[in-house]
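Below: one structure, written as structure tokens.
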Amino acid sequence: MDNGLPIRLVIHGGAGAISRSKLTAERELAYRQTLAESLTVGHAVLQAGGSSVDAVIAAIVVMEDSPLFNAGKGAVFTHAGRNELDASIMEGATRLAGAIAGVTTIRNPIRAAHAVMTKSTHVMLIGHGAEAFAAEQGLEIVDPTYFYTQHRWDQLQKAIAKDRIMLDHDNDSDTPLSDEDQKRGTVGAVALDRYGNLAAGTSTGGLTNKRYGRVGDSPIIGAGTYADNRSVAVSATGTGEMFIRTAAAFNTAAQARLLNTPIADAADNTLAEIAAIGGDGGLIVLDALGHYATRFNTQGMYCGTIGNDGTVWTGIFPGELNG
Ligand code: ASP
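The following block contains the structure:
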């Protein structure tokens, strides 16, 4: 089905201190293959005339199900040795939104965020309540051990030994962390469907060694995720606290809508504000004409895009993707 109008999907799998020299060819291939699978699956939804919301969910579920990314299977551990997951989704046509935070048993948090958006009158549910709601909606509930991966467990032990919350992005020389330790991978997607509708979604395990029910930007509408057909769809990854303080996703969308700022510049302006208060990360941005930007102020960001012609583009390092 092709009505000649643009369709596009842009995804990210986290931004951070990804060093070219330390990323082995094997691991790079694994990341690129999973990004490509996510793009292909999401594109099939758009190509078949599906909605941008459904394409975002399909693309994110692939990354949630992969142990490579810090979302779903592969999520990082809290100080208490749990996996507490956050996710959000937003539809640009209606500005309906849904989010969940601090859940431990929902296999695909992005599906739960979508259920909140479509099946409840609320925007955000947390903890046990969110889990009960997801179960009622027939979503797949798993034992918390489903989220266990050895490398994330080892990361937690190192973080506890260093007594620090590991921002996946940290690259402090006084606390050297291996690439494995610094593996980041919050995931997100933005999509434009054949009907001109935008959507955005984000899913994460948050930060290794987080405590006290800490929640970052990913499930917060306007911080980690935003979509508005009048401007853009945005998904963020980075030092969540600073993305909340700068209302990063809404900030970027507001520049595009109110100031007509080109989308790459809008993203860069937001990232500059974040840098000014000590944060870093990346943003993917997509407008209703299919123009997109993948911007980051870290060494790298796992990302990719696919449009009408179905060609898969993946990128990790600066300059690899056009946007
Ligand atoms: N933004 C996420 C958080 O702060 C982490 C990340 O993007 O890696 O929870």
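Reading the sequence shown from the start, the letters are residues 686 to 1008 in our numbering.
Yeah, the Cβ is synthetic: ideal placement off N, Cα and C, and Gly gets one too.
None of the values given here were measured: they were computed from a predicted structure.
For the beta strand (DSSP E) assignment, the uninterrupted runs of no fewer than 3 residues enclosed by the segment 773 to 836 are, from N- to C-terminal side, 782 to 788, 809 to 811.
Rounded to the nearest whole angstrom, the CA to CA distance from Ser773 to Ser706 is 34 angstroms. Distance from the C-beta of Asn945 to the nearest heavy atom of the ligand ASP is not below 7 angstroms. Here the segment 776 to 786 makes no contact with the segment 756 to 763; the two share fewer than three CB pairs at distances below 8 angstroms. For Gly699, the shortest C-beta to heavy atom distance toward the ligand ASP is below 7 angstroms. For Ala721, same chain residues with a beta-carbon under 8 angstroms away, outside a window of 5 residues either side, are Gly989, Val997, Thr999 in chain order.
Proximity of the beta carbon of Asn755 to the ligand ASP is indicated: a heavy atom of the ligand is located closer than 7 angstroms. Nearest C-alpha to Ala921 among Val695, Pro794, Gly975, Gly881: Val695.
For Ser920, the enclosing beta strand (DSSP E) stretches over residues 917 to 923. The continuous alpha helix (DSSP H) containing Arg942 extends over residues 933 to 943.
At least one heavy atom of the ligand ASP is found less than 7 angstroms from the C-beta of Ser903. Residues Gly783, Phe818 of the same chain have their beta carbon placed closer than 8 angstroms to that of Ser805, with the five preceding and five following residues left out of the count. Nearest to Ala740 by alpha-carbon distance, out of Arg896, Val747, His728, is His728. Here the C-alpha atom of Leu770 lies approximately 33 angstroms from the C-alpha atom of Pro691. Note on geometry: alpha-carbon atoms of Asn755 and Met809 lie some 21 angstroms from one another. Non-local C-beta neighbours of Ala952 in its own chain, meaning closer than 7 angstroms and more than five positions away in sequence, comprise Thr937, Leu968, Val970, Ala978, Arg980, ordered along the chain. Rounded to whole angstroms, Gln940 and Thr910 show a C-alpha spacing of 15 angstroms. Scanning Ala957, Asn945, Leu943, Ile906 for the CA closest to the CA of Ala932 turns up Ile906.
By the CB criterion at 8 angstroms, Gly901 and Tyr987 fall outside the cutoff. In the three-state reduction of the DSSP assignment, Leu714 falls in the helix class.
Not one heavy atom of the ligand ASP falls within 7 angstroms of the beta-carbon of Thr790. A heavy atom of the ligand ASP is found nearer than 7 angstroms to the CB of Leu892. Within 7 angstroms of the C-beta of Phe981 there is not a single heavy atom belonging to the ligand ASP. Closest in C-alpha terms to Ala797, from the list Ile745, Arg899, Thr834, Lys843, comes Ile745.
Annotated three-state conformation of Thr719 is helix, per DSSP. In this chain, the alpha helix (DSSP H) harbouring Ser737 covers 737 to 749.
The beta carbon of Thr990 sits no closer than 7 angstroms to any heavy atom of the ligand ASP. Note that the C-beta distance between Ile791 and Ile826 is below 8 angstroms. Closest option to Asp913, judged by alpha-carbon separation, among Thr924, Gly923, Gly886: Gly886.
If you draw a straight line from the Cα of Leu841 to the Cα of Ile795, it comes to about 24 angstroms. Taking 8 angstroms as the upper bound for CB-CB distance, Asn894 and Ser737 are not in contact here, some 35 angstroms apart.
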